[in-house]
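Asks: The listed protein sequences derive, respectively, from chains A and B.
Quick note: the first sequence uses our numbering, first residue 424, plus one each step.
Quick note: the second sequence uses our numbering, first residue 424, plus one each step.
Heads up, the beta-carbon is just placed ideally off N, CA and C, and yes, glycines get one too.
2 protein chains.
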Amino acid sequence: MKLSGFPEWLPEQQLIENEFISIVRNEFELWGFSPIHTRSVEPLDVLLRKGETDKEVYGLNRLQGEGEGASASLGLHFDLTIPFARFVSENRGQLKFPFKRYQIQKAWRGERPQFGRFREFTQADIDVVADGPLSLAWDAEMANILLSVMSKLPIPAVRLCINNRKLLEGFMLGLGITDTAAILRVLDKLDKLARTEIERQLLELGLSSDQVSKCLQLTSIKSPGTGFRSQVEQLGVQHELLLSGLDELEFVMKSVSHWPEGSVLADLHIARGLDYYTGTVYEGQLKGFEKLGAVCSGGRYDNLLGDFGKAKMPGIGVSIGVTRILSGIFDAKAVAASRSVPTCVVIVLMNEESRMETNEIARQLRMRGISCEVYHEAVKIGKQIDYAAKRGIPFVWFPAQDGADHQVKDIRSGEQLPASLQTWLPPQSDAKPTVTIKADSQN
Amino acid sequence: MKLSGFPEWLPEQQLIENEFISIVRNEFELWGFSPIHTRSVEPLDVLLRKGETDKEVYGLNRLQGEGEGASASLGLHFDLTIPFARFVSENRGQLKFPFKRYQIQKAWRGERPQFGRFREFTQADIDVVADGPLSLAWDAEMANILLSVMSKLPIPAVRLCINNRKLLEGFMLGLGITDTAAILRVLDKLDKLARTEIERQLLELGLSSDQVSKCLQLTSIKSPGTGFRSQVEQLGVQHELLLSGLDELEFVMKSVSHWPEGSVLADLHIARGLDYYTGTVYEGQLKGFEKLGAVCSGGRYDNLLGDFGKAKMPGIGVSIGVTRILSGIFDAKAVAASRSVPTCVVIVLMNEESRMETNEIARQLRMRGISCEVYHEAVKIGKQIDYAAKRGIPFVWFPAQDGADHQVKDIRSGEQLPASLQTWLPPQSDAKPTVTIKADSQN
């Protein structure tokens with residue numbers, strides 16, 4: 424029975440997910456992030472601490488439990504941030520700060536499944552957390568890591584939008600607005616609601632029509648480089664916090680100036696309103712797949728540990744929605760694997776008597792990193808070749824007979840050539856299944 | 424709060440688990456197994472179908488659920504076999520048989536945590552399932568895959584014990600015993616109970632003292648090669664099924680004859696009694712870590728799909744207990760990683776003005792696969808070197824000043840040499856953290 428919200432992939436898709444995760448992991452490690460992996464469960468009081476009822480936590484109960492406290496007090500985590508904070512708090516004495524970690528795991532939310540939204544999904548997170556001030560350099564670094572990893576994945580191009588909460592809040596304070604959190608929550612809906620509805624809600628919160636107009640002018644500013652600064656300044660609002668937000672965003676935008684046009688944007692409507700961010704915020708979409716929503720996001724927060732720790736620990740992090748991205752590109756058939764199995768060579772079993780020698784051929788090929796299988800029965804050669812063909816396996820190996828050479832057949836071209844067991848290698852492009860983006864999905 | 428039964432590793436241990444899983448995955452793929460990954464949850468009726476109350480299933484409930492059927496009917500899987508069977512049944516039309524898959528995932532059991540037993544743990548499984556007869560060649564193949572993957576892991580040596588259920592059952596039938604299942608369940612406790620207690624239980628089941636004596640003589644047979652055959656024949660029991668079991672075990676043992684002495688054993692006391700196996704059975708232990716129990720096990724079954732499918736599908740599979748092995752070797756400090764972070768090089772930030780050029784050095788090193796970090800602040804060089812030293816990062820890079828060369832310092836030896844950004848590479852042994860087995864844990 425398929426369960427709505429709990430996606431599963433076929434083997435040829437799973438090969439793509441594995442390749443995807445391996446690229447992400449490799450990139451995170453190239454930037455010096457260490458892996459951690461937290462348990463899937465947390466005490467319910469940890470998960471519900473912030474009144475996160477919108478996250479729809481799954482509670483656990485032991486069906487054969489003895490009724491005492493052992494059960495019912497645990498739930499599955501709904502993100503990787505809360506478990507990370509708990510882990511840092513618990514292992515603080517054994518970690519070195521600034522602590523840079525990546526974490527690629529599943530999370531669960533009981534919410535109603537929709538396009539791109541699942542009840543079980545995989546996230547790939549990186550965060551840096553410090554035990555003292557956290558340099559602005561990290562805000563630039565995070566943007567560059569995200570752009571770097573997304574550019575290496577076999578997916579359509581990403582557009583990364585960056586903003587700064589200080590800029591937004593400082594601007595509002597400069598306008599004389601005090602309850603900035605409520606306003607941010609409304610502005611966060613700019614992508615979802617009509618502009619008139621946003622205006623209505625802002626007016627309802629007590630803003631003057633001039634304040635509403637200024638806010639909407641601000642949030643409509645977008646620039647590929649640092650051009651946003653003069654556009655904000657033209658609005659004539661002054662505040663110390665605004666200035667600090669402008670400086671920070673300018674620093675970050677300068678650090679990404681070497682990326683191709685269109686891949687990164689200062690976009691002043693990004694608020695990540697429901698989150699706990701306090702400075703730089705990020706949100707990325709796939710070009711041509713905007714309907715999926717944000718496929719990566721994150722930002723800077725002042726106090727990761729929240730209630731866990733005594734001292735504040737500032738941090739900054741981003742999260743890549745692995746399942747969301749894959750569901751989108753699988754749905755659109757935007758990527759394909761060159762075959763459904765890792766096998767590169769099927770070795771023909773000529774007869775039952777030669778099984779041990781044939782296994783030895785396989786052993787030697789594997790020693791040199793070539794994925795291969797000995798056909799499991801000494802049946803007609805045509806049937807053995809057919810097994811390979813059906814799975815997209817490119818080569819069939821004919822063991823040496825009566826002192827002649829081994830032979831390898833490329834079953835796509837039909838070409839069959841002598842081959843040495845010590846030196847034969849498949850072309851690089853055939854060694855492993857390769858993943859390609861379909862041309863018409865690239866923008 | 425640490426939760427008993429839900430282990431978590433520190434980053435330097437997580438690097439070891441990742442390396443471990445990467446070796447397992449690579450080896451499975453070299454043998455031509457395709458990856459799948461199933462959802463973590465199954466409907467409760469699927470999980471409880473076989474009355475598996477000893478598996479202590481964790482049920483799920485949505486804390487914010489609306490009280491209707493959406494919740495309470497799901498549970499976390501307790502192994503990877505039931506989800507695999509359900510997956511094959513569901514996707515049968517899209518899979519090619521024989522279907523070879525590997526699956527490396529977490530599973531959950533609510534049972535009381537003990538040494539080597541956890542409530543959340545990672546398993547690495549491979550299975551082959553056929554839509555017709557499944558050649559005995561796979562029984563040999565599975566043993567060789569297990570021996571191959573275990574020999575490549577940074578763990579103490581494995582001792583793989585192999586037996587055959589037909590041999591056991593045929594022997595008992597030949598002795599005139601009919602309720603072989605009940606006897607197998609008792610014999611399965613040979614490792615746990617005293618011999619006199621086993622005898623008592625067998626007598627209680629109605630066996631004669633001669634039958635008991637023969638059974639215990641049979642289960643005490645162990646041989647590194649095919650010597651078990653003559654020892655069984657000397658017991659003078661005759662049955663067609665026994666003969667077939669002897670032939671099968673002999674075939675499998677011949678196929679593993681090239682492995683070093685002591686790594687594989689025909690061990691006639693292995694029954695895997697509580698499982699559904701019908702032919703070859705496997706069970707492996709780590710030498711010097713016998714206390715951990717079986718770290719890998721599996722066998723052949725006649726009908727994987729059970730109640731899922733209409734037609735019978737025979738299969739054979741083995742499972743490696745990743746968390747059990749790691750917990751054992753971490754506990755004994757039997758392995759160590761050469762450092763706690765992936766980073767190989769820290770690039771010194773000489774001053775704030777040179778940040779962009781310094782980032783460019785990092786970008787170029789990463790392009791050539793070198794894991795590196797630009798130090799995040801332009802502080803004293805000693806502090807930057809100290810950051811590297813504390814984390815076991817072997818190299819510090821000094822960017823070229825005033826037209827001179829770049830310089831790289833090995834902070835272990837103190838040696839500092841000019842280096843070219845285009846060609847410098849760390850020694851192979853320093854490129855990534857390496858995992859080594861401590862000499863005194865090797866047997």
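Can you find the residues in the same chain that come closer than 6 Å, C-beta to C-beta, to residue 470/A, ignoring five residues on each side of it along the sequence?
Replies: Here residue 470/A refers to the residue found at position 47 when the first sequence is read from its first residue. Counting only residues of its own chain and dropping the five nearest sequence neighbours on each side, residue 470/A has a CB closer than 6 Å to the CB of 480 and 498.
Asks: Since residue 543/B sits in a beta bridge, which residues does DSSP pair it with?
Replies: Counting from 1 along the second sequence, the entry for residue 543/B is found at position 120. Paired residue(s): 531/B.
Asks: Mind listing which residues of the stretch 780 to 796 of chain B have their C-beta closer than 7 Å to chain A's C-betas, in chain order?
Replies: 789, 794, 795 and 796
Asks: At least one CB of chain A closer than 8 Å to the CB of residue 480/B: is that the case?
Replies: As a position in the second sequence, residue 480/B is number 57, starting the count at 1. Closer than 8 Å to some Cβ of chain A, the Cβ of residue 480/B qualifies, so yes.
Asks: Can we say the stretch 671 to 690 of chain A touches the stretch 564 to 583 of chain A, given the rule of at least three CB pairs closer than 8 Å?
Replies: yes
Asks: Pop quiz: residue 587/A and residue 703/A are said to be a contact at Cβ under 8 Å. What is the actual Cβ separation, rounded to whole angstroms?
Replies: Position 164 of the first sequence, counted from the start, is the residue given in the question as residue 587/A. Position 280 of the first sequence, counted from the start, is the residue given in the question as residue 703/A. Correct: roughly 5 Å between the Cβ atoms.
Asks: State the Cα-Cα distance for the pair residue 574/B and residue 727/B, rounded to the nearest angstrom.
Replies: Translated into positions along the second sequence, residue 574/B becomes position 151. Translated into positions along the second sequence, residue 727/B becomes position 304. Rounded to the nearest angstrom, the two C-alpha atoms are 28 Å apart.
Asks: Tell me the residue span of the alpha helix (DSSP H) that contains residue 638/B.
Replies: Locating residue 638/B in the second sequence gives position 215, counting from the first residue. Unbroken alpha helix (DSSP H) run through residue 638/B: 632 to 642.
Asks: Looking at residue 582/A and residue 437/A, is the spacing between their C-beta atoms short of 8 Å?
Replies: Numbered from 1 along the first sequence, position 14 holds the residue referred to as residue 437/A. Numbered from 1 along the first sequence, position 159 holds the residue referred to as residue 582/A. Contact: no.
Asks: Quick check: the Cα distance between residue 442/A and residue 455/B, rounded to an integer number of angstroms?
Replies: Taking the first sequence and counting its residues from 1, one reaches residue 442/A at position 19. Taking the second sequence and counting its residues from 1, one reaches residue 455/B at position 32. Approximately 16 Å, taken between the alpha carbons.
Asks: Where residue 550/B and residue 743/B are concerned, what is the direct C-alpha to C-alpha distance, given to the nearest angstrom?
Replies: Position 127 of the second sequence holds residue 550/B. Position 320 of the second sequence holds residue 743/B. Each residue's Cα considered, the two are about 12 Å apart.
Asks: Could you name the residues of the same chain whose beta carbon sits closer than 8 Å to that of residue 596/B, not counting the 5 residues immediately before and after it, in chain order?
Replies: As a position in the second sequence, residue 596/B is number 173, starting the count at 1. Excluding residues within five positions, the ones whose Cβ falls inside 8 Å are 603, 662, 664 and 665.
Asks: With respect to the beta strand (DSSP E) encompassing residue 787/B, which residues constitute its N-terminal and C-terminal limits?
Replies: To locate residue 787/B, count along the second sequence from 1; it is residue 364. That residue, residue 787/B, is in no beta strand (DSSP E); its alpha helix (DSSP H) goes 778 to 790.
Asks: Any C-beta of chain A within less than 7 Å: which residues of the stretch 746 to 775 of chain B qualify?
Replies: 763, 764, 765 and 766
Asks: Checking 8 Å against the spacing of the C-beta atoms, do residue 739/A and residue 723/A come in under that value?
Replies: Sequence index remark: in the first sequence, residue 739/A carries index 316 (1-based). Sequence index remark: in the first sequence, residue 723/A carries index 300 (1-based). Yes, these two residues count as a Cβ contact at 8 Å.
Asks: Which residues, in chain order, does the stretch 526 to 560 of chain A contribute to contact with chain B at a C-beta distance below 8 Å?
Replies: Close to chain B, meaning a Cβ-Cβ distance shorter than 8 Å, are the following residues of the stretch 526 to 560 of chain A: 529, 531, 533, 543, 558 and 560.
Asks: Under 8 Å between beta-carbons, which chain B residues line up against residue 673/A? List them in chain order, please.
Replies: As a first step, residue 673/A is located in the first sequence; it is residue number 250 there, counting from the start. The contact set of residue 673/A on chain B, defined by CB atoms closer than 8 Å, is empty, because the minimum CB distance reaches about 14 Å.
Asks: Does the Cβ of residue 746/A have 16 or more other Cβ atoms within 10 Å, making it buried, or fewer, making it exposed?
Replies: Looking up residue 746/A in the first sequence gives position 323. With 16 or more Cβ atoms within 10 Å of its Cβ, residue 746/A is classed as buried.
Asks: Let me know the secondary structure DSSP gives residue 609/B once reduced to three states.
Replies: Start at 1 with the first residue of the second sequence, and residue 609/B comes out as number 186. It is helical.
Asks: What is the residue span of the alpha helix (DSSP H) that residue 810/A lies within?
Replies: By one-based count along the first sequence, residue 810/A stands at place 387. First-last of the alpha helix (DSSP H) with residue 810/A: 804 to 814.
Asks: CB-CB under 7 Å to residue 612/B, same chain, minus the five flanking residues each way: which ones, in chain order?
Replies: Locating residue 612/B in the second sequence gives position 189, where the first residue counts as 1. Same-chain partners within the cutoff: 621.
Asks: For residue 826/B, which of 843/B, 834/B and 819/B has the nearest alpha-carbon?
Replies: Indexing the second sequence from 1 puts residue 826/B at position 403. If we check each option's Cα against that of residue 826/B, 843/B comes out closest.
Asks: Less than 7 Å between C-beta atoms, sequence neighbours within five positions excluded: which residues of the same chain meet that for residue 759/A?
Replies: Numbered from its first residue, the first sequence carries residue 759/A at position 336. Contacts found: 859 and 861.
Asks: Look at the alpha carbon of residue 752/A and the alpha carbon of residue 692/B, and state the distance between them as a whole number of angstroms.
Replies: Position 329 of the first sequence, counted from the start, is the residue given in the question as residue 752/A. Position 269 of the second sequence, counted from the start, is the residue given in the question as residue 692/B. Taking the straight line from one Cα to the other gives about 51 Å.
Asks: Taking the alpha-carbon positions, what's the residue 434/A to residue 789/B distance?
Replies: Looking up residue 434/A in the first sequence gives position 11. Looking up residue 789/B in the second sequence gives position 366. The straight-line gap from Cα to Cα measures roughly 31 Å.
Asks: Would a C-beta distance cut-off of 8 Å place residue 741/B and residue 721/B closer than the cut-off?
Replies: For this step, residue 741/B is matched to residue 318 along the second sequence. For this step, residue 721/B is matched to residue 298 along the second sequence. Their beta carbons are under 8 Å apart, which means residue 741/B touches residue 721/B by this criterion.
Asks: Taking only three categories from DSSP, how would you classify residue 582/B?
Replies: Residue numbering aside, residue 582/B sits at position 159 when the second sequence is read from its first letter. Assigned with DSSP and collapsed to three states, residue 582/B falls in strand.
Asks: Less than 8 Å between the CB atoms is what I'm expecting for residue 539/B and residue 750/B, so what's the real figure, rounded?
Replies: Mapped onto the second sequence, residue 539/B falls at position 116. Mapped onto the second sequence, residue 750/B falls at position 327. Contact flag correct, Cβ pair sits at about 6 Å.
Asks: With a cut-off of 8 Å, do at least 3 Cβ pairs link the stretch 813 to 824 of chain B to the stretch 843 to 853 of chain B?
Replies: yes
Asks: Run down chain B in chain order and give the residues with a C-beta less than 9 Å from the C-beta of residue 723/A.
Replies: The sequence position of residue 723/A within the first sequence is 300, counting from 1. In chain order: nothing, as chain B lies at least about 14 Å away.
Asks: So with CB distances below 7 Å, who are the chain A contacts of residue 919/B?
Replies: Because residue 919/B is not part of the residues shown, which for chain B are 424 to 866, the question remains open.
Asks: Who are the neighbours of residue 458/B on chain D, taking C-beta pairs under 7 Å?
Replies: In the displayed structure, chain D is absent; the protein chains listed are A and B.
Asks: Please classify residue 794/A: does DSSP put it in a helix, a strand, or coil?
Replies: Working through the first sequence from its first residue, we reach residue 794/A at position 371. Reduced to three states, the DSSP call for residue 794/A is coil.
Asks: Could you pull the start and end residues of the beta strand (DSSP E) that residue 741/B belongs to?
Replies: The residue labelled residue 741/B in the question sits at position 318 within the second sequence. Run containing residue 741/B: 738 to 744, per the beta strand (DSSP E) assignment.
Asks: With 8 Å as the threshold, decide whether the Cβ of residue 737/B is near any Cβ in chain A.
Replies: Along the second sequence, one-based indexing puts residue 737/B at 314. No, residue 737/B lies away from the interface with chain A (no Cβ there is under 8 Å from its Cβ).
Asks: Given that a residue counts as buried once 16 or more other Cβ atoms are within 10 Å of its Cβ, and exposed if not, what is residue 532/B?
Replies: Translated into the one-based positions of the second sequence, residue 532/B becomes position 109. Per the 10 Å Cβ criterion, buried.
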